[in-house]
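Colleague: Going by full-length UniProt numbering, the first residue of the sequence shown is number 1, and it counts up by one from there.
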Amino acid sequence: MASKGITILGASGSIGVSTLDVLARHPDRFHVFALTANSNVDKIFEQCQRFQPRYAVMVETAAATLLEKRLQAVGSEVVVLAGAEALDAVASSPETDYVMAAIVGAAGLLPTLAAARAGKRVMLANKEALVMSGQLFIDAVREHGAELLPIDSEHNAVFQCLPTDGRKGVEKILLTASGGPFRTWSSSDLQGVTPEQAVAHPNWSMGQKISVDSATLMNKGLEVIEACWLFGLPAERVEVVVHPQSTIHSMVSYNDGSVLAQLGNPDMRTPIAYALGWPERLVSGVAPLDLFATARLDFEQPDRERFPCLLLAYDAHARGGYATIALNAANEVAVKAFLGREIGFADIPLLVKDVMHQASAGTPMNLDDILIQDEESRVRSLSWIKNKKLH
Numbered sequence: 001m002a003s004k005g006i007t008i009l010g011a012s013g014s015i016g017v018s019t020l021d022v023l024a025r026h027p028d029r030f031h032v033f034a035l036t037a038n039s040n041v042d043k044i045f046e047q048c049q050r051f052q053p054r055y056a057v058m059v060e061t062a063a064a065t066l067l068e069k070r071l072q073a074v075g076s077e078v079v080v081l082a083g084a085e086a087l088d089a090v091a092s093s094p095e096t097d098y099v100m101a102a103i104v105g106a107a108g109l110l111p112t113l114a115a116a117r118a119g120k121r122v123m124l125a126n127k128e129a130l131v132m133s134g135q136l137f138i139d140a141v142r143e144h145g146a147e148l149l150p151i152d153s154e155h156n157a158v159f160q161c162l163p164t165d166g167r168k169g170v171e172k173i174l175l176t177a178s179g180g181p182f183r184t185w186s187s188s189d190l191q192g193v194t195p196e197q198a199v200a201h202p203n204w205s206m207g208q209k210i211s212v213d214s215a216t217l218m219n220k221g222l223e224v225i226e227a228c229w230l231f232g233l234p235a236e237r238v239e240v241v242v243h244p245q246s247t248i249h250s251m252v253s254y255n256d257g258s259v260l261a262q263l264g265n266p267d268m269r270t271p272i273a274y275a276l277g278w279p280e281r282l283v284s285g286v287a288p289l290d291l292f293a294t295a296r297l298d299f300e301q302p303d304r305e306r307f308p309c310l311l312l313a314y315d316a317h318a319r320g321g322y323a324t325i326a327l328n329a330a331n332e333v334a335v336k337a338f339l340g341r342e343i344g345f346a347d348i349p350l351l352v353k354d355v356m357h358q359a360s361a362g363t364p365m366n367l368d369d370i371l372i373q374d375e376e377s378r379v380r381s382l383s384w385i386k387n388k389k390l391h
């Protein structure tokens, strides 16, 4: 079996690190073609020394210059590239077989789309790509013969539980949610949430942005939109179930009364290994689930009043693509402002709702319109924050 070349978009983040951990367990099957990051020189330098990719791409030019000097100093032959266009180039290169799309946020859309248009196996950990460009992205996958495999633990679980012959007999998808660190907090308690509290997820080790999204349930809302596109189902057939233990990663309900569930320890190496090896299963390094230690499984309905971001996502999907782009853009700006202590935790859904409702009706079908809506929504979000500060 020929070794597959892997490009990791977002190698310095938690998904990138976990991907490299799995790849290291299968050196005969995979080799790293390219590693990319925004500005984390220390992490990419360390990864380049261990995995010796052909290319390392830093989005920030200054970071690329520094990385290149450090690699040259140790005699490394890794070629360092800079800028967003270089991301597209390594993602679509003929020497890339699989692309791990793990850049957080809207910044991951263009290189992930480039990989789809180049017919790659796209292992999608960047849910924003589908939230922003849904139909356009799915059309690119189909037109260019790409493979689209979900990495989010919930969507990967659904993928594992679906029939191989399409969607026959599927009634609905049940996406599980941990409920985040504030699952039992009152509305008044949520007013005083700090960034430090919001990024302390009870079950998963994630980046700051995704951790805040989990705390607001926006992450689950984005996953609902992503699931609709991935699995071709309307939003009313995608249900969110709060499951605090994060042992069941998601379920599929069938018309004969069966419900299939995928269980496992909360470790992203499981879905990563599944996507790398599919349709085979590969050793991931994750310990088997101890059902006796798990002891119990609890389920609750999400509280949409205390966590309105979930309902906003359903609303945005119903309104169309312009609204989902605005939802995502406003949320990214809001989370950054919250982490910077410019707005409060409870302000996040207020900002997102206001900006989303200003979006155009309908769905854009070209990249320029998508990017214009994204930019306009970010400007409106910054204006919202500025106005709040003035008052």
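We treat Cβ as the ideally placed atom computed from N, Cα and C, and that holds for glycine.
Which parts of the segment 86 to 158 are runs of the beta strand (DSSP E), unbroken and 3 residues or longer, counting only runs that do not cross its ends?
Modeller: If we require 3 residues or more, the beta strand (DSSP E) runs fully inside the segment 86 to 158 come out as 98 to 101, 121 to 124 and 147 to 150.
Colleague: Just list the alpha helix (DSSP H) runs in the segment 37 to 66, keeping only unbroken ones of 4 residues or longer that don't cross its boundaries, in chain order.
Modeller: Listed in chain order, the complete alpha helix (DSSP H) runs (minimum 4 residues) inside the segment 37 to 66 are 41 to 51.
Colleague: Give me whichever residues DSSP pairs with H31 in a beta bridge.
Modeller: Answer is G5.
Colleague: Name, in chain order, the residues that DSSP records as bridge partners for I173.
Modeller: Answer is V238 and V252.
Colleague: From A287 to N40, what distance separates their C-alpha atoms?
Modeller: In a straight line, the C-alpha of A287 is about 30 Å away from that of N40.
Colleague: Is it the case that the Cβ atoms of L130 and I44 are separated by a distance below 8 Å?
Modeller: No. Outside cutoff.
Colleague: Got a sec? Which residues, its chain only, sit under 7 Å from N387 by beta carbon, not counting five neighbours each side?
Modeller: The answer is none, since no qualifying residue turns up.
Colleague: Near L233, what residues of its chain come up, given a Cβ to Cβ distance below 8 Å and the 5 sequence neighbours on each side ignored?
Modeller: Closer than 8 Å at Cβ, skipping near neighbours: R167, V170, K172, I173 and A227.
Colleague: Considering V17, what are the terminal residues of the alpha helix (DSSP H) in which it resides?
Modeller: Segment S14 to A24, the alpha helix (DSSP H) holding V17.
Colleague: Here's the rule: buried if 16 or more other CB atoms are within 10 angstroms of the residue's CB, otherwise exposed. What is A2?
Modeller: With fewer than 16 other Cβ atoms within 10 Å, it is exposed.
Colleague: Would you mind stating whether T363 and Q135 have Cβ atoms separated by less than 8 Å?
Modeller: In this structure, Q135 lies closer than 8 Å to T363 by Cβ.
Colleague: Suppose you measure from the CA of C161 to the CA of Q72; what does that come to, to the nearest Å?
Modeller: The alpha-carbon atoms of C161 and Q72 are separated by roughly 47 Å.
Colleague: Tell me A82's beta-bridge partners as DSSP assigns them.
Modeller: Answer is M58.
Colleague: Would you mind reading off the limits of the beta strand (DSSP E) that contains V259?
Modeller: Per DSSP, V259 belongs to the beta strand (DSSP E) from V259 to L263.
Colleague: Using a threshold of 8 Å, state whether the C-beta atoms of L35 and P53 are closer than that.
Modeller: Going by C-beta atoms, L35 is nearer than 8 Å to P53.
Colleague: Flag this pair as yes or no: are the beta carbons of N255 and L289 separated by less than 8 Å?
Modeller: Against a cut-off of 8 Å, the Cβ pair of L289 and N255 comes out as no contact.
Colleague: Could you spell out the range, first to last residue, of the alpha helix (DSSP H) harbouring I210?
Modeller: Looking at the DSSP string, the run of the alpha helix (DSSP H) that includes I210 is Q208 to T216.
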